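**Q**
In my numbering, the protein residues as written are 5 to 334.
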């Protein structure tokens with residue numbers, strides 16, 4: 005990339021999934037990420053527990069505006085193609101192609117699709133949990149995908165000064181990911197004598213401050229989400245483990261700082277929390293970030309390098325939505 009200030013070339017750090025996406029752009033890139041996620045899910049569940057049981061896909065997918073803010077769209081309207089029905093239809097086609105290419109061996113029905121940015125994965129989890137509880141499905145496959153490494157998005161991020169580089173040290177490092185979770189009711193896992201990781205208390209509120217607004221980022225919405233999750237979980241340790249979608253940008257850092265001050269006043273477990281920032285390892289994966297965090301914690305549980313047996317996964321949208329949930333080991 006060339007600097008917007010003096011035109012000199014400056015390094016930009018990206019986090020591509022090169023084995024899957026090298027040479028692909030746009031929806032083809034997303035197709036490869038979804039395909040890889042499903043192939044990995046099947047490899048890790050060699051007995052295909054979904055066979056012979058009712059199951060559906062619950063999808064968190066990107067849209068044209070998921071990385072862009074409303075204010076930026078007003079400043080640079082020519083740089084932001086509008087979200088439209090044709091685009092959503094092309095996404096649906098991409099998903100179907102990816103399922104086909106992965107040789108998925110189960111039902112391909114879709115129970116829900118969300119394109120609501122970073123909060124989309126949590127919305128799909130809530131819908132899937134409701135369907136599981138109602139008995140609509142026995143198993144739910146949650147899938148999230150996004151890439152900030154296609155040429156169009158990289159160009160926009162650079163022009164808007166959001167890429168982390170010498171000229172923007174508080175910018176983001178772009179990444180990409182596809183992530184999948186297989187959910188079932190706790191009673192179903194117990195009945196089948198399965199040692200499982202439990203997902204508890206997925207909450208979303210609309211109490212946050214939009215990043216584009218003139219209002220200060222006071223952390224209230226994020227603190228409310230953390231507090232709601234904490235009410236369902238009694239902290240046995242003196243510290244707490246939080247996995248955050250903070251990507252290095254100033255607004256997200258400000259939000260988190262204020263939220264932690266609020267939480268520290270309520271619970272001393274937040275005095276010195278243990279933080280994991282998946283964006284430091286994988287780059288900013290936007291829509292996929294929440295599910296990627298959940299997969300990272302699940303792998304830590306399975307391989308016994310988790311820092312404790314309970315983690316809070318938290319997310320902050322560019323709008324007013326704030327959300328969180330718990331992952332616990334048995």
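For each residue, glycine too, the CB sits at the ideal point set by N, CA and C.
Note that the structure is a prediction, hence the values are computed from the model and not measured.
I'd like to confirm the pairing. Which residues does DSSP put opposite residue 247 in its beta bridges?
**A** By 1-based counting over the chain shown, the position of residue 247 is 243. Looking at the DSSP assignment, residue 247 forms a beta bridge with 280 and 317.
**Q** With residue 142 and residue 192 assumed to form a contact (beta carbons below 8 Å), what rounded beta-carbon distance in angstroms separates them?
**A** Within the chain shown, numbered from 1, the residue matching residue 142 stands at position 138. Within the chain shown, numbered from 1, the residue matching residue 192 stands at position 188. Rounded, the Cβ-Cβ distance is 7 Å, consistent with contact.
**Q** Round the Cβ separation of residue 59 and residue 121 to the nearest angstrom and send it over; I've been treating them as touching at under 8 Å.
**A** For the purposes of this step, residue 59 is identified with residue 55 of the chain shown, where counting begins at 1. For the purposes of this step, residue 121 is identified with residue 117 of the chain shown, where counting begins at 1. That belief does not hold up - the Cβ atoms of residue 59 and residue 121 are roughly 26 Å apart, past 8 Å.
**Q** How far does the alpha helix (DSSP H) with residue 297 in it extend, from its first residue to its last?
**A** Numbered from its first residue, the chain shown carries residue 297 at position 293. Its alpha helix (DSSP H) spans residues 293-307.
**Q** Could you compute how far the alpha carbon of residue 118 sits from the alpha carbon of residue 61?
**A** Sequence index remark: in the chain shown, residue 118 carries index 114 (1-based). Sequence index remark: in the chain shown, residue 61 carries index 57 (1-based). Rounded to whole angstroms, residue 118 to residue 61 spans 12 Å at the Cα level.
**Q** Would you call the CB atoms of residue 251 and residue 288 closer than 8 Å?
**A** Sequence index remark: in the chain shown, residue 251 carries index 247 (1-based). Sequence index remark: in the chain shown, residue 288 carries index 284 (1-based). In contact: residue 251 and residue 288 (Cβ atoms closer than 8 Å).
**Q** Roughly how many angstroms lie between the CA atoms of residue 137 and residue 189, to the nearest whole one?
**A** The sequence position of residue 137 within the chain shown is 133, counting from 1. The sequence position of residue 189 within the chain shown is 185, counting from 1. Computed Cα separation, rounded: 7 Å.
**Q** For a quick check, are the C-beta atoms of residue 333 and residue 125 less than 8 Å apart?
**A** As a working mapping, residue 333 is identified with position 329 in the chain shown. As a working mapping, residue 125 is identified with position 121 in the chain shown. No, these two residues do not count as a Cβ contact at 8 Å.
**Q** Using the Cβ count rule (16 or more neighbours within 10 Å means buried), how would you classify residue 242?
**A** Along the chain shown, one-based indexing puts residue 242 at 238. It counts as exposed.
**Q** For residue 319, is the classification buried or exposed, using 16 other Cβ atoms within 10 angstroms of its Cβ as the cut-off for buried?
**A** The residue labelled residue 319 in the question sits at position 315 within the chain shown. Residue 319 should be labelled buried.
**Q** Taking the alpha-carbon positions, what's the residue 53 to residue 112 distance?
**A** Position 49 of the chain shown, counted from the first residue, corresponds to residue 53. Position 108 of the chain shown, counted from the first residue, corresponds to residue 112. C-alpha separation (whole angstroms): 15 Å.
**Q** Starting from residue 28, trace the alpha helix (DSSP H) in both directions and tell me its first and last residue.
**A** Reading the chain shown from its first residue, position 24 is the one you call residue 28. Segment: none, residue 28 is in no alpha helix (DSSP H) and carries neither H nor E.
**Q** Is it true that the CB of residue 38 sits closer than 8 Å to the CB of residue 134?
**A** Here the question's residue 134 lines up with position 130 in the chain shown. Here the question's residue 38 lines up with position 34 in the chain shown. No, the pair does not count as a contact, with Cβ atoms beyond the cut-off.
**Q** Is it the case that the Cβ atoms of residue 149 and residue 65 are separated by a distance below 8 Å?
**A** Counted from its first residue, the chain shown places residue 149 at position 145. Counted from its first residue, the chain shown places residue 65 at position 61. In contact: residue 149 and residue 65 (Cβ atoms closer than 8 Å).
**Q** For the beta strand (DSSP E) containing residue 150, list its first residue and its last residue.
**A** Sequence index remark: in the chain shown, residue 150 carries index 146 (1-based). Here the beta strand (DSSP E) through residue 150 covers 143-151.
**Q** Check residue 187 in the structure and name its three-state DSSP category.
**A** For the purposes of this step, residue 187 is taken as the residue at position 183 of the chain shown. Residue state, collapsed to three classes: strand.
**Q** So, residue 203 versus residue 331, is the Cβ gap smaller than 8 Å?
**A** Here residue 203 corresponds to residue number 199 of the chain shown, with the count starting at 1. Here residue 331 corresponds to residue number 327 of the chain shown, with the count starting at 1. Yes, they are a contact pair.
**Q** Using C-beta distances below 6 Å, list every residue in its chain close to residue 82, excluding the 5 sequence neighbours before and after it, in chain order.
**A** Indexing the chain shown from 1 puts residue 82 at position 78. Reliability of the predicted coordinates at residue 82 is poor, the pLDDT of 37 falling under 50, and no value is obtained from them.
**Q** Hey, could you find the ends of the beta strand (DSSP E) residue 62 is sitting in?
**A** The residue you call residue 62 lines up with position 58 of the chain shown. Where residue 62 is concerned, the enclosing beta strand (DSSP E) stretches over 59-64.
**Q** Could you give the residue range of the alpha helix (DSSP H) that holds residue 213?
**A** As a first step, residue 213 is located in the chain shown; it is residue number 209 there, counting from the start. Unbroken run through residue 213: none, as it is neither H nor E.
**Q** Relative to the alpha-carbon of residue 146, which residue among 296, 218, 104 and 90 has its alpha-carbon at the smallest distance?
**A** Walking along the chain shown from the start, residue 146 turns up at place 142. Checking every option, the nearest Cα to that of residue 146 belongs to 296.
**Q** Please report the straight-line C-alpha distance between residue 30 and residue 327, rounded to a whole angstrom.
**A** To locate residue 30, count along the chain shown from 1; it is residue 26. To locate residue 327, count along the chain shown from 1; it is residue 323. The straight-line gap from Cα to Cα measures roughly 28 Å.
**Q** In terms of DSSP beta bridges, what is residue 36 paired with?
**A** What you label residue 36 is simply residue 32 of the chain shown in a count that begins at 1. For residue 36, which the question treats as bridged, DSSP gives no partner whatsoever.
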